[in-house]
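J.: In our numbering, the protein residues as written are 3 to 337. For each residue, glycine too, the CB sits at the ideal point set by N, CA and C.
1) Counting only runs of 3+ residues fully inside the segment 277-314, write out the beta strand (DSSP E) ranges in chain order.
2) So residue 98 is in the alpha helix (DSSP H); what residue range does that whole segment cover?
3) Contact defined as beta carbons within less than 8 Å: I believe residue 284 pairs with residue 276. What is the distance between those atoms, to the nearest angstrom?
4) By a C-beta neighbour count over all protein chains shown, 10 Å radius and 16 as the cutoff for buried, is residue 97 buried or exposed?
5) Could you tell me which residues DSSP pairs with residue 200 in its beta bridges?
6) Residue 260 by DSSP, collapsed to three states: which one?
7) Within a Cβ cutoff of 6 Å, which residues of the same chain sit near residue 334, ignoring the five residues on either side of it in sequence?
8) Between residue 232 and residue 244, is the Cβ-Cβ spacing less than 8 Å?
9) In whole angstroms, what is the alpha-carbon distance linking residue 3 and residue 262?
10) For residue 18 versus residue 53, is the C-beta distance shorter than 8 Å?
11) Rounded to a whole number of angstroms, what is the C-alpha to C-alpha distance between residue 70 and residue 14?
12) Following the continuous beta strand (DSSP E) through residue 205, name the residue where it begins and the one where it ends.
13) Taking residue 156 as the reference, which of 20, 33, 111, 11 has the closest Cα?
14) Using only alpha-carbon positions, find the residue among 88, 149, 286 that is nearest to residue 137.
15) How long is the line joining the alpha carbons of residue 105 and residue 45, rounded to whole angstroms?
16) Have a look at 251, 221, 160 and flag the residue whose alpha-carbon is nearest the alpha-carbon of residue 229.
17) With H, G and I counted as helix, E and B as strand and the rest as coil, what does DSSP make of residue 48?
18) Can you find at least 3 beta carbon pairs, one from the segment 58-75 and one from the segment 233-240, that sit closer than 8 Å?
19) Is it buried or exposed for residue 160, if we count other Cβ within 10 angstroms and need 16 for buried?
20) Measure the CB-CB distance between residue 267 and residue 317 and report whether it falls below 8 Å.
21) Assign residue 57 to buried or exposed, taking buried as 16 or more other Cβ atoms, counted over all protein chains shown, within 10 Å of its Cβ.
22) Using a Cβ-Cβ distance cut-off of 8 Å, determine whether residue 163 contacts chain B.
23) Per DSSP, what are the beta-bridge partners of residue 8 in this structure?
24) Kindly list the residues whose CB is nearer than 8 Å to the CB of residue 31, restricted to its own chain and excluding five residues on each side of it in sequence; keep chain order.
25) Measure how close the beta-carbons of residue 12 and residue 22 come, nearest whole angstrom, since I'm counting them as under 8 Å.
26) Among 292, 81, 324, which residue has its Cα nearest to the Cα of residue 2?
27) Put residue 56 into one of helix, strand or coil per three-state DSSP.
28) Taking the DSSP output, what are the residues bridged to residue 250?
29) With a 10 Å radius around its C-beta and 16 neighbouring C-beta atoms as the bar for buried, classify residue 75 as buried or exposed.
30) Confirm, please, whether the CB-CB distance from residue 196 to residue 219 is below 8 Å.
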C-alpha cells in the first residue's frame, strides 16, 4: 500500500514551471529520499503535500485517501524543517503535546500519550527541559516524537541536518534511520547531499528542474543511472564523459579507471596529469586527454606528478553509454 501517491503534479510561480507533471510514490513504512540541487522543486513538493501550497494540477493521496481538498490540519502529516522547528519557549513535554492541542483529547489523555511517546524515544527524563537544554540528537528525537504522538501517516523532512556540524551529522543520521525502521515510519526526506541520500534511503528519487529523473534503490542509482544528469549528479568525483562517435558518450566512474598494464578487454585513455588532489585515503588524478579532462581515483602510495604522461585503463564491462541527444542511458554497463 502506498503511504504517499502523487500523480501528474504541476506547480508554477509567476509563469515559471517548478514542478512538471511529477509522479512519485512512497510505500508505507519506507524512507524515500528526494535528492536534488537548490531550486529543483524539492521544498515546493513538500509544501504541496502538506497543504501549504495549492497545485495547479495533479493529485496527491496519503494512505490511499485523496487530500487535495483537505486543509493541512486534516492531512495527518508532520513536517520537520531545518533546526527541527521546535518551540524554544516550551518544554520538551509541551512540544510533544502541542500537535494534540485543540483536538478531541482531554488533559489526562494528552498526558498519557506524551508519556508513552517520550518513553519510546528515551525522552522521559527530559520532559521539563527546553529545546536549547538538550542535545542535537535529542532535538531530533523530539521532532520525531511530535510526529508519533499524533499518529501521522507521513513524515516530511526538509534538510533537517543541513545546519548540523559534520561530526554530529553522522551520528544523527544513523539515529534517524534507526528510529524510522523501529517505528516503521513513512518518510519523504529532502536533501541536496548525495552522501546523505545514499546512506538513508530505501529508495532515492533524483529530481531536476521539477522532473523526476529516476527512482530506484541507492545501488541502482549509482550503478545504473537512467541518464547523464543522474550519472553526473550522484558520485564524487562525478562520472567522466568522453565522446563515443556521433550518437553517444561514454561514461566512466573515476574508481573504475587505473594506471596499469592494459588487458585485452580494456579501453585505454592516454593523457597528461593536470592536477593531483589528496582526499585523505586516496588521491584524485586529473588527466587531460584527447577526449577531455577525466578524473582517476588512485591509492595515495602512487607517486604521480603534474605534467607526467600516463595511460589510464578501464575494463569495457565497466563502461556506460549515453545518448548525445537527450542524455538517456543506452547501455550500462557495456559488454
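T.: According to the structure shown:
1) DSSP assignment within the segment 277-314 yields the following whole beta strand (DSSP E) runs of 3 residues or more, N-terminal first: 284-291, 294-301.
2) Mapped onto the chain shown, residue 98 falls at position 96. Taken as a continuous stretch (DSSP letters only), the alpha helix (DSSP H) holding residue 98 covers 94-99.
3) Locating residue 284 in the chain shown gives position 282, where the first residue counts as 1. Locating residue 276 in the chain shown gives position 274, where the first residue counts as 1. Contact flag wrong, Cβ pair sits at about 17 Å.
4) Looking up residue 97 in the chain shown gives position 95. Residue 97 comes out buried.
5) Taking the first residue of the chain shown as position 1, residue 200 is located at position 198. In the DSSP output, where bridge partners are listed per residue, residue 200 has none listed.
6) For the purposes of this step, residue 260 is taken as the residue at position 258 of the chain shown. Note: residue 260 maps to strand in three-state DSSP.
7) By 1-based counting over the chain shown, the position of residue 334 is 332. Note that residue 334 scores a pLDDT of 49, beneath 50, so its modelled location is shaky; the value from the coordinates is reported in the next line. These residues qualify, in order along the chain: 226, 322.
8) Here residue 232 corresponds to residue number 230 of the chain shown, with the count starting at 1. Here residue 244 corresponds to residue number 242 of the chain shown, with the count starting at 1. Against a cut-off of 8 Å, the Cβ pair of residue 244 and residue 232 comes out as no contact.
9) Sequence index remark: in the chain shown, residue 3 carries index 1 (1-based). Sequence index remark: in the chain shown, residue 262 carries index 260 (1-based). The predicted position of residue 3 is uncertain, since its pLDDT is 47 and thus under 50; a value taken from the coordinates is nonetheless stated next. Rounded to the nearest angstrom, the two C-alpha atoms are 50 Å apart.
10) By one-based count along the chain shown, residue 18 stands at place 16. By one-based count along the chain shown, residue 53 stands at place 51. Against a cut-off of 8 Å, the Cβ pair of residue 53 and residue 18 comes out as no contact.
11) Numbered from 1 along the chain shown, position 68 holds the residue referred to as residue 70. Numbered from 1 along the chain shown, position 12 holds the residue referred to as residue 14. Approximately 17 Å between the Cα atoms of the pair.
12) For the purposes of this step, residue 205 is identified with residue 203 of the chain shown, where counting begins at 1. Taken as a continuous stretch (DSSP letters only), the beta strand (DSSP E) holding residue 205 covers 205-210.
13) One-based indexing of the chain shown puts residue 156 at position 154. Each of 20, 33, 111, 11 was checked against the Cα of residue 156, and the nearest Cα belongs to 33.
14) Here residue 137 refers to the residue found at position 135 when the chain shown is read from its first residue. Among 88, 149, 286, the Cα nearest to that of residue 137 belongs to 88.
15) Working through the chain shown from its first residue, we reach residue 105 at position 103. Working through the chain shown from its first residue, we reach residue 45 at position 43. One C-alpha to the other measures close to 28 Å.
16) The residue you call residue 229 lines up with position 227 of the chain shown. Comparing Cα-Cα distances from residue 229 to each of 251, 221, 160, the minimum goes to 251.
17) For the purposes of this step, residue 48 is identified with residue 46 of the chain shown, where counting begins at 1. If DSSP states are grouped into helix, strand and coil, residue 48 belongs with the helices.
18) no
19) On the chain shown, position 158 is the one that residue 160 refers to. It counts as buried.
20) In the chain shown, the residue the question calls residue 267 occupies position 265. In the chain shown, the residue the question calls residue 317 occupies position 315. In this structure, residue 317 lies closer than 8 Å to residue 267 by Cβ.
21) Within the chain shown, the letter at position 55 stands for residue 57. Label assigned to residue 57: buried.
22) Absent here is chain B; the protein component of the structure consists of one chain.
23) By one-based count along the chain shown, residue 8 stands at place 6. 26, 62, per the DSSP bridge assignment.
24) Here residue 31 corresponds to residue number 29 of the chain shown, with the count starting at 1. Excluding positions up to five away in sequence, the list reads 5, 186, 187, 188.
25) Position 10 of the chain shown, counting from 1, holds the residue named residue 12. Position 20 of the chain shown, counting from 1, holds the residue named residue 22. That belief holds up - the Cβ atoms of residue 12 and residue 22 are roughly 6 Å apart, short of 8 Å.
26) Here the chain covers residues 3 to 337 and nothing more, so residue 2 does not appear.
27) Mapped onto the chain shown, residue 56 falls at position 54. Residue 56 falls in the coil class under three-state DSSP.
28) For the purposes of this step, residue 250 is taken as residue 248 along the chain shown, with counting starting at 1. Paired residues: 246, 325.
29) The count along the chain shown starts at 1 and reaches residue 75 at position 73. Looking at its Cβ environment, which holds fewer than 16 other Cβ atoms inside 10 Å, residue 75 is exposed.
30) The residue you call residue 219 lines up with position 217 of the chain shown. The residue you call residue 196 lines up with position 194 of the chain shown. No, the Cβ-Cβ distance between residue 219 and residue 196 is not below 8 Å.
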